[in-house]
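J.:
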Amino acid sequence: MVAGPMMTTTRKPSDGLLRDEAAFRILKDAVVARTGHHYYDDKDDLLWERLAKRLRAAGVRTVQDYLARLGSPEAGEAEWNALEAEITIGETFFFRFAEQFEALRRRILPAIIERNRETRRIRIWSAGCSTGAEAYSVAIVLRELLGDDISEWSVGVVGTDINDDVLAAARQATYGKWTLRSMPPEDRARWFTAPGPDGPWTLKPAFRGLAHFERHNLVSLAEGASPLQFTGFDLILCRNVLIYFHADAVARIVTGLADCLAPEGWLLVGHAEASPAFVGALDAVELPGTMAFRPKGALRTGGVAPADVPAAPAPIVAPDQRVRPGPARTGSAAERARRSTPPALRPGPLPRSLDPAPAAGGAEALARLRETADRGDLVGGLALAAQALAAEPANPALFYYRGLIARAQDQAAEAEAAFRRAIYLDRSFVMAHYQLGLLLTGRGDLGGGRRALRNAAALAAALPADAELPEGDGMTAGALRTLARLTMSPVA
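Using my numbering, read the sequence shown as starting at 93 and increasing by one per residue.
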């Protein structure tokens, strides 16, 4: 594998596994080449934790032996699939990116329905679907838009991922509280069934039956080798996936996605993912609070002015702006659409930091904390937060994450203490004030909630409207001011 003599270092962890650095680099390069993901470029220790699990499962002690296993004609492909499942990051929850779902229910899906009334056929692709929350969220909105007429339509939502484990979970359509954290109880009761008040919750067949899931690697788009059936989609969602690829691969994948769209189809990506790579293949459409992309020429038939695409790629983050939707149009379809959008007053997702990257140790700790919570292990997430805080007791971001996880566990007192500690350490921490305000308001402390929300709005007002807030998961100062004002209005 490595020709000629070379200097290597070997680490021997306490579990007896041997990490030869030269072999580890070869394996890391192979992982990136196979998956296209560059998330682990600066996270060697985190990657090693994932790899070590597979070494133990495969019964080998060295990276060299594991490379041999991956290259085996008999066991190699199965082991690659298991490794991809171990290292793939799949943070997901229902109705993620509220303003995009507002655009879907008000503009995009109604336009698709109207255009396809003769064929009564709709095809949607959720690329990088993880455990299926995105695909099922679209299915819920689409079914409620079509209402009783859905029996006369052929609707297909396909979710794809390279992780066989998450695909199996998606097919089960059963979720815990963390994945449903953006969903009000009344909507959860309409769409899901559960054996008891604490779940888990299983999506009802009327929605579940609209989606199916299969294995697909987006790298195949970059290589021009995607299956023939991946064409003619009315809508493709590829959100917070492209941020893990290098720019040259993104350009090829975007071209491939454009080829998979119907002539008047729509593409939605994450807020941080629009870049000049889109210009050659797609036109941008500006929608309230978000942006979509369409094949060249589609805008001329749709009566929509094109939008400007950012001149440079955005930072690698996973933003989630949350703006309360405006008044719904009258009519049964609009009313059904209104019910399918969760309100803005809800716990936020576990965010990606927008601050300058902390020291390597802190970055690794935060990554482990987020991944643990994203897997639904909230108890483990709190334990990791406590461990990280023992090493960095003055880190306000860690207290903020601790508060978010505690709130998702319905541990209101612990969440309040964590948010207040984050504010004590950093009085200008806008998102900590905001989350504290949501928490207190939800507990009935309307005066305390108003004060915290007012503080958040005042701090945001001192910033440019388009400035992204630290730990805000892409929320801008202007969006937070609007959201805080609307949140305070019922208790004014």
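Each residue gets a CB set at the ideal place from its N, CA and C atoms; glycine is no exception.
1. Figure out for me which residue from Arg280, Pro297, Ala177 has the closest Cα to the Cα of Ala260.
2. So for Asp375, helix, strand or coil by DSSP?
3. Taking Cβ positions, are Leu310 and Ala369 nearer each other than 9 Å?
4. With burial defined as no fewer than 16 other Cβ atoms inside 10 Å of the residue's Cβ, what is the status of Thr101: buried or exposed?
5. If you drop the 5 nearest sequence neighbours on each side, which residues of the same chain put their C-beta closer than 6 Å to that of Asp558?
6. Reducing DSSP to helix, strand and coil, say where Trp140 ends up.
7. If you compare alpha carbons, which of Glu508, Arg462, Ala457, Val471 is closest to Glu484?
8. Between which residues of its own chain and Ala225 is the CB-CB distance below 6 Å, once the five residues before and five after are set aside?
9. Touching or not, the stretch 541-558 and the stretch 520-530, by the rule of three or more beta carbon pairs under 8 Å?
10. Buried or exposed: which applies to Thr211, given that a residue is buried once 16 or more other Cβ atoms fall within 10 Å of its Cβ?
11. Candidates Leu159, Arg197, Ala505, Asp518: which alpha carbon is nearest Arg535's?
12. Where Ala366 and Val471 are concerned, what is the direct C-alpha to C-alpha distance, given to the nearest angstrom?
13. Helix, strand or coil: which one does DSSP assign to Ser218?
14. My parser needs the alpha helix (DSSP H) runs of 4 or more residues fully inside the stretch 487-553; what are they?
15. Mind checking whether Trp217 and Leu374 have CB atoms under 9 Å apart?
16. How is Asp112 classed by DSSP in three states: helix, strand or coil?
17. Would you decide whether Pro597 is buried or exposed? Buried here means 16 or more other CB atoms lie within 10 Å of its CB.
18. Comparing C-alpha positions only, which one of Gly268, Ile254, Leu196 sits nearest to Ser312?
19. With DSSP as the reference, identify every bridge partner of Asp279, one or two as the case may be.
20. How would you label Ala576, buried or exposed, when you count the other beta carbons within 10 angstroms and need 16 or more for buried?
21. Keeping to the same chain, check which residues put their C-beta closer than 6 Å to that of Arg460; ignore five residues upstream and five downstream.
22. For Val522, collect the residues of the same chain with a Cβ closer than 6 Å to its Cβ; drop the 5 residues on either side in sequence, then sort them by chain order.
23. Could you check if Ser222 is buried or exposed, using at least 16 other CB atoms within 10 Å of its CB as the buried criterion?
24. Going along the chain, which residues of its own chain have a beta-carbon closer than 8 Å to the beta-carbon of Ser229, five neighbours each way excluded?
25. For Ala339 and Ala298, what's the separation of their Cα atoms in angstroms?
26. To which residues does DSSP link Trp358 through a beta bridge?
27. Is there contact between the stretch 271-286 and the stretch 321-337, where contact requires at least three CB pairs shorter than 8 Å?
28. With C-beta atoms as the reference, is Glu306 less than 9 Å away from Thr266?
29. So who's on the other strand from Glu560, going by DSSP bridges?
30. Within 10 Å of its beta-carbon, does Glu191 have 16 or more other beta-carbons around it, so buried, or fewer, so exposed?
31. Helix, strand or coil: how does DSSP classify Val258 here?
32. Do the stretch 123-143 and the stretch 168-176 touch if we need at least three Cβ pairs shorter than 8 Å?
33. Within its chain, find whatever has a CB closer than 7 Å to the CB of Lys296; leave out the 5 residues flanking it on each side and keep chain order.
34. Taking the beta strand (DSSP E) that Ser246 falls in, what are its first and last residues?
35. Determine the burial state of Gly151: buried for a count of at least 16 other Cβ atoms within 10 Å of its Cβ, exposed for fewer.
T.: To lay it out plainly:
1. From the listed residues Arg280, Pro297, Ala177, the smallest Cα separation to Ala260 is found for Ala177.
2. DSSP, reduced to helix, strand and coil, places Asp375 within a strand of the structure shown.
3. Not in contact: Leu310 and Ala369 (Cβ atoms no closer than 9 Å).
4. At Thr101 the pLDDT is 48, less than 50, meaning the model places this residue with poor confidence; the figure from the coordinates comes in the next sentence. Burial call: exposed.
5. Closer than 6 Å at the Cβ level, and outside the excluded window around Asp558, lie Thr568.
6. Three-state DSSP puts Trp140 in a helix.
7. When only C-alpha atoms are compared, the closest one is Ala457.
8. Here the set comprises Thr184, Phe185, Phe186, Thr271.
9. Verdict: yes, contact present.
10. Answer is exposed; the Cβ neighbour count stays below 16.
11. Selected option, being the one with the closest Cα: Ala505.
12. Looking at the two C-alpha atoms, the distance is approximately 35 Å.
13. Strand.
14. Unbroken alpha helix (DSSP H) stretches of 4 residues or longer found wholly inside the stretch 487-553: 488-500, 504-517, 522-534, 538-553, given in chain order.
15. Going by C-beta atoms, Trp217 is not nearer than 9 Å to Leu374.
16. Strand at Asp112.
17. Residue 597 is absent from the structure shown; the chain starts at 93 and stops at 584.
18. Closest by alpha carbon: Ile254.
19. Per DSSP, none; premise fails for Asp279.
20. Counting Cβ neighbours within 10 Å, Ala576 comes out buried, since at least 16 surround it.
21. The beta carbon of Arg460 sits closer than 6 Å to the beta carbons of Leu476 from its chain, once the five residues preceding and following it are set aside; these are given in chain order.
22. Ala548, Leu551, Ala552, Leu561.
23. Burial call: buried.
24. Within the same chain, Ser229 has close Cβ partners Phe186, Phe187, Arg188, Phe193.
25. CA-to-CA, the gap between Ala339 and Ala298 works out to about 40 Å.
26. Residue pairing by DSSP places Trp358 opposite Leu327 in a beta bridge.
27. Contact between the stretch 271-286 and the stretch 321-337 is absent, with fewer than three C-beta pairs closer than 8 Å.
28. Taking 9 Å as the Cβ cut-off, Glu306 and Thr266 do not qualify as a contacting pair.
29. DSSP lists Thr568 as partners of Glu560.
30. Around the C-beta of Glu191, 16 or more other C-beta atoms lie within 10 Å, and the residue is accordingly described as buried.
31. DSSP places Val258 in the helix class (H, G or I) of the three-state scheme.
32. With a cut-off of 8 Å, the stretch 168-176 and the stretch 123-143 count as touching, because enough Cβ pairs lie within range.
33. Answer for Lys296: Trp283, Phe284, Thr285, listed in chain order.
34. Element bounds for Ser246: 246-253.
35. Label assigned to Gly151: exposed.
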